[in-house]
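Visitor:
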Amino acid sequence: MLDLKLIRNNPDQVRAGLNKRGAAALVDELLRLDEERRDNLARVEALKNKRNVVSKEVGRLKSAKVDATNLINEMKEVNEEIRQLDGVVRDLEERINEILYTLPNLPQEDVPVGADEQANVEVRRWGEPRTFSFTLKPHWELGESLNMFDFEQGAKISGARFTVLKGLGARLERALVNFMLDLHVNEHGYTEIFPPFLVSGACMVGTGQLPKFAEDMFKASPGDYYLIPTAEVPVTNLHREEILTAERLPIKYVAYSACFRAEAGSAGRDTRGLIRQHQFNKVELVKLTKPEDSAREHERLVQDAEKVLQLLNLPYRVVLLSSGDMGFAASKCYDLEVWLPSSGQYREISSCSNFGEFQARRANIRFRREPDAKPEFVHTLNGSGLAIGRTVAAIVENYQQADGSIVVPEILVPYMGGVKTIK
RNA sequence: GGAGAGAUGGCUGAGUGGUUGAAGGCGCCCGCCUCGAAAGCGGGUAGGGGUUUACGCCCCUCGCGAGUUCGAAUCUCGCUCUCUCCGCCA
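Mapping of the first sequence onto the working numbering: residues 220 to 642, in sequence order.
Structure, rendered in structure tokens:
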């Protein structure tokens, strides 16, 4: 959520930022509502002040056994006026918040301006895509023939975009989860979290999925629960409504979770294979930092995610997303794209975002620099480290052999119970 | 699911319908003392909003939401959460 005071004091800056994201317009409406609200607020507060003063006077008079009927009657009228104005102010606040909750974050200065992924900027590449001396197969063909995954059974028990992992396919999934968690905990200093997969609506508002993207979420019933689309939601919200001490920052969490996405609006895209599923596994990195540290911590977070791909020896590139391609809450975002030989392209496998204070303002996560200092909003960041299903797809495709078997990346062999080849 | 207890500031813990945004304690900050520290002593210490060049002033907030009242932390109703016992359960 954007700071209403920033909009009030620097409307041109906000307009320019929103324009880069193709989300302009509503600033003027917001300014008008804000002015109207403050106008009515001043009036109702003056009346409340009067009521408070007179009420104390009534108390004094009563204890002195003096009649106060006139004052009491006068206050009854004032109360009616207060009730009315309070309603006006509340309505205005609701409309202001409705708008504020649906405005995206402002892009940072160094984010390339553009409408979509065409304007993304490749930052660096790592690794050399293998050259194959035989005909490549996509991961879904290889995996099915090796009995690693079963798409038909997934469809039978759940429906489209669900997959059953079996045997060494299931084992590979589990190996990757453990490998990534160990790496980030032991080498990168993150604290492991195993969060609930169902959260309250308040959490979804806090990280920005609600109210705008309700149609992308699975809702659980009975109860008012949402299935998490990413561990970002429960983990970032761990500190909702808290004021942290400065020494605790930066906070670095790593969490495995299943992720659930409705994929509304992506019908027909990536219908085959593991790339786009309603349910997938992911190891997520989350950081809470001081504002001045978030840019540096963002770069480090990207490197921590890259390390996974490097250790798996999977070629990838880092892309800086354009203003139009970024997620709603992000102020700056790098995607990690892994090489998928069968389609001959780089595909997103991690998205690493700095949200500035956008989420912290929604979730009310603050910190104090000094024991007596005013609370300030923290900055929140997160990134996949990595999406497990897409990593499996990348391994299967990049490590495929002429005979249709898969060589297990060396670093994973211990996690695979010594299995070096899936055949 | 049944029965009961509770929710107050960073923490703990008082609170009779009327200068109680809230005693006391702990913690923290500033000062005194000290070579330095501890102890001791004195003072300070919630958040949000509005307004003001500023000092300041005002409004709201005692889990959340309604209500009663001139006035609610305190009374009434609803909700949420936590704890204890019983039942069920991986």
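We put the beta carbon where it would ideally sit given N, CA and C, even for glycine.
Based on the DSSP secondary-structure assignment, which residues constitute the bridge partners of E461?
Guide: Beta-bridge pairing links E461 to I584.
Visitor: Measuring alpha carbon to alpha carbon, tell me which of K284, R390 and L304 ends up nearest D258.
Guide: L304
Visitor: Since A481 and F437 are thought to touch, with beta carbons under 8 Å apart, how far apart are those beta carbons, to the nearest angstrom?
Guide: With 8 Å as the limit, A481 and F437 qualify as a contact, their Cβ atoms being about 6 Å apart.
Visitor: In terms of residue numbering, what span does the alpha helix (DSSP H) encompassing Y320 cover?
Guide: That run of the alpha helix (DSSP H) goes T288 to T321.
Visitor: Taking 8 Å as the limit between beta carbons, can you name the residues of its chain near S352, skipping five residues before and five after?
Guide: A621
Visitor: Considering only the beta carbon of each residue, do F586 and L468 sit closer than 8 Å?
Guide: yes
Visitor: Please confirm if the stretch 484 to 500 is in contact with the stretch 346 to 365, defined as three or more CB-CB distances below 8 Å between the two stretches.
Guide: yes
Visitor: Straight-line CA distance for R488 to R566?
Guide: Their Cα atoms are separated by approximately 13 Å.
Visitor: Note down, in chain order, each residue of its chain lying with its Cβ closer than 6 Å to the Cβ of N289, except the 5 sequence neighbours on either side.
Guide: none
Visitor: Quick one: using the 10 Å Cβ neighbour count with 16 as the cut-off for buried, is N298 buried or exposed?
Guide: exposed
Visitor: So H598 is in the beta strand (DSSP E); what residue range does that whole segment cover?
Guide: H598 to A606 is the extent of the beta strand (DSSP E) around H598.
Visitor: Is it the case that the Cβ atoms of P534 and G362 are separated by a distance below 8 Å?
Guide: Judged by their CB atoms, P534 and G362 are not nearer to each other than the 8 Å cut-off.
Visitor: Residue ranges of each alpha helix (DSSP H) run of no fewer than 4 residues wholly in the stretch 353 to 389, ordered along the chain?
Guide: The qualifying runs are 358 to 364 and 370 to 376.
Visitor: Among the residues of its own chain, which have a CB less than 6 Å from the CB of L252, if the five just before and after it don't count?
Guide: L311, R314 and I315
Visitor: Considering only the alpha carbon of each residue, which of V246, V627, A235 and N397 lies closest to R227?
Guide: V246
Visitor: Tell me the DSSP secondary structure of V615 in three-state form.
Guide: helix
Visitor: Please identify the residue among P590, G602 and G575 whose C-alpha is closest to the C-alpha of D512.
Guide: G575
Visitor: Go ahead and pull the three-state DSSP assignment for T508.
Guide: strand
Visitor: My output table needs one value for D231: the three-state DSSP class, helix, strand or coil.
Guide: Helix.
Visitor: Quickly, what does DSSP pair F499 with across the bridge? List them, please.
Guide: C478
Visitor: Once DSSP output is grouped into helix, strand and coil, what is the label at S572?
Guide: strand
Visitor: By a C-beta neighbour count over all protein chains shown, 10 Å radius and 16 as the cutoff for buried, is K167 buried or exposed?
Guide: Since the first and last residues shown for the chain are 220 and 642, residue 167 lies out of range.
Visitor: Which residues does DSSP list as the beta-bridge partners of Y535?
Guide: W345 and V557
Visitor: Quick one, which of K526, F368, D401 and P430 has its alpha-carbon nearest E317's?
Guide: Considering only alpha carbons, the answer is P430.
Visitor: Starting from T455, follow the alpha helix (DSSP H) in both directions and report where the run begins and ends.
Guide: E451 to T455
Visitor: So, V626 versus L387, is the Cβ gap smaller than 8 Å?
Guide: no
Visitor: Quick one: measure Cβ to Cβ for R581 and G420, integer angstroms, because I've assumed they're closer than 8 Å.
Guide: Incorrect: roughly 12 Å between the Cβ atoms, too far for contact.
Visitor: In the DSSP assignment, the alpha helix (DSSP H) including E516 goes from what residue to what residue?
Guide: S513 to L530
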